[in-house]
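Student:
This is the structure in structure tokens:
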């Protein structure tokens, strides 16, 4: 067992350092790069925290939707193929719900402040 | 030119300044030279320099756009961007048609010793999309911008293509084929992109009867604004002959709203104002389904571009490309709102 602090705690501290003290001490070009670096670290931090459960749920949904087994890449390839061929459409039971859940889970990791994501959350909670 | 022994020990800026002064004296009557030569960008596809032309006792701010390091770039059939010489020709046509574009003052020749490119007027104003959307400076003009964009596009699309340089013809079918190839090259399954390709395939516009000059990247970020509105349309590298509705859809695509998702046109206006301006200035009547087709295409296009950053991220040392690749999912949520959402977005 690895000792504490956990990776997500360490990454959170590194991101704060990059956005705070490091940015204050640097010029405009580097401070932009530091913001990008902090953003990248925060993506990793959120993925460590959120993805295990989100991907377990995605896997369960894909198995139910496709009626087949396999890992996430295999099942996502199969889903992509069935949508491309027209075998699955937005009218197919469960597809729209699955794509919404998967997309929102990705955004929660990638860009939780994206305006389109916030709007989608508001629209869906209002339904 | 860097290999010329006469240039030993000189910086690129000094060499560019010397060459620009020589061009000024040869090509601009009464010109004494240039001052204040400053590089504005270090882009991978081109360099942009600003300088002042000293002529008959006045100083005129000008812009030099040229290939990186003044390299001579051969265009191939596979090139999607048009090259600076062609871009200069297009800018001249657009300027002559009364649409806002920087006036081209000189197209570089081999004798000029600066590589490929051109000199154009410097247009003062703001290009940062977020400022157009939020800065109080633009509060008064903001409600007029969508209509202005429609009027400008109508003027661009009315330019007779017979007199234009030979650009690629690309309608919906060709552009979707390019996009599909870009998506396949990523080798990563994206069910939402598949859904969008399928949706587009089922709604293909009929083959083009009359291809128009299409800007190809008409969006907030490629326009210069001041307090009176749009003062210049920039970045014509993706110009082609194609479906004029592509330009009307692209400026409404979600990534170019800079957070103002309730204002589809560039984050500053409504689609109806864009369309009314377009029709009032002589553009063809806007079919809403046709415009939506190009908006969905736009989200998918930007999504594929983001996802396509991964090889460059892995090959280079830029963090930014990796973060841009992680923005592909933003387009997935935008596409879901368009295709499986609860009403207009």
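Residue numbers (my numbering), protein chains in the order written: chain G, 3 to 129; chain H, 7 to 351.
Glycine included, C-beta positions come from ideal geometry on N, C-alpha and C.
Can you give the beta carbon distance from residue 238 of chain H to residue 67 of chain H, rounded, assuming they're within the 8 Å contact cut?
Tutor: Not quite, the Cβ-Cβ distance comes to about 13 Å (not below 8 Å), so this is no contact.
Student: Closest Cβ-Cβ distance between residue 335 of chain H and chain G: below 9 Å?
Tutor: Closer than 9 Å to some Cβ of chain G, the Cβ of residue 335 of chain H qualifies, so yes.
Student: Would you mind working out which of H:100, H:224 and H:93 sits nearest residue 113 of chain H, comparing C-alpha positions?
Tutor: Checking every option, the nearest Cα to that of residue 113 of chain H belongs to H:93.
Student: Might you give, ordered along the chain, the residues of its own chain that have their beta carbon closer than 7 Å to the beta carbon of residue 73 of chain H, omitting 5 neighbours on each side?
Tutor: These residues qualify, in order along the chain: 52, 79, 90, 121, 122 and 123.
Student: Grab the span of the beta strand (DSSP E) containing residue 69 of chain H for me, first residue to last.
Tutor: It spans 64-72 - the beta strand (DSSP E) in which residue 69 of chain H sits, taken as one unbroken run.
Student: Kindly indicate which three-state DSSP category residue 151 of chain H falls into: helix, strand or coil?
Tutor: In this structure, residue 151 of chain H counts as helix in the three-state DSSP scheme.
Student: To the nearest angstrom, report how far apart residue 103 of chain G and residue 87 of chain G are at their CA atoms.
Tutor: Roughly 22 Å separates the two Cα atoms.
Student: What's the gap between the Cα of residue 184 of chain H and the Cα of residue 19 of chain G?
Tutor: Rounded to the nearest angstrom, the two C-alpha atoms are 42 Å apart.
Student: For residue 38 of chain G, would you say it is in contact with chain H, using Cβ-to-Cβ distances shorter than 9 Å as the test?
Tutor: Yes, its Cβ sits closer than 9 Å to a Cβ of chain H.
Student: Below 7 Å CB to CB, which residues in the same chain sit around residue 7 of chain H once its five sequence neighbours on both sides are set aside?
Tutor: For residue 7 of chain H, the predicted model reports a pLDDT of 48, less than 50, meaning its position is unreliable and no value from the coordinates is stated.
Student: Strictly under 9 Å for the Cβ-Cβ distance: is residue 18 of chain H near chain G by that measure?
Tutor: No, its Cβ sits nowhere closer than 9 Å to a Cβ of chain G.
Student: Assuming residue 81 of chain G contacts residue 92 of chain G under a Cβ cut-off of 8 Å, what Cβ separation, rounded to an integer in Å, is found between them?
Tutor: With 8 Å as the limit, residue 81 of chain G and residue 92 of chain G do not qualify as a contact, their Cβ atoms being about 13 Å apart.
Student: Out of H:288, H:146, H:115 and H:258, point me to the one whose CA is closest to residue 225 of chain H's CA.
Tutor: Ranking the options by Cα distance to residue 225 of chain H, first place goes to H:258.
Student: Give, in chain order, every unbroken run of the alpha helix (DSSP H) that is at least 4 residues long and sits entirely within the region 251-308 of chain H.
Tutor: Runs found: 251-256 and 277-286.
Student: Could you give the C-beta distance for residue 255 of chain H and residue 297 of chain H, rounded to a whole number, given that I count them as a contact under 8 Å?
Tutor: 6 Å between Cβ atoms; contact.
Student: Do residue 198 of chain H and residue 301 of chain H have their C-beta atoms closer together than 9 Å?
Tutor: For residue 198 of chain H and residue 301 of chain H, no; Cβs fall outside 9 Å.
Student: Mark residue 3 of chain G as exposed unless 16 or more other C-beta atoms lie within 10 angstroms of its C-beta, in which case mark it buried.
Tutor: Residue 3 of chain G is exposed by the Cβ-count criterion.
Student: May I ask you to report which of helix, strand or coil DSSP gives residue 7 of chain H?
Tutor: Note on residue 7 of chain H: pLDDT 48, under 50, position unreliable in the model; the coordinate value appears next. In this structure, residue 7 of chain H counts as coil in the three-state DSSP scheme.
Student: Please report whether the beta-carbon of residue 325 of chain H lies at a distance below 9 Å from any beta-carbon of chain G.
Tutor: Output row for residue 325 of chain H: interface = yes.
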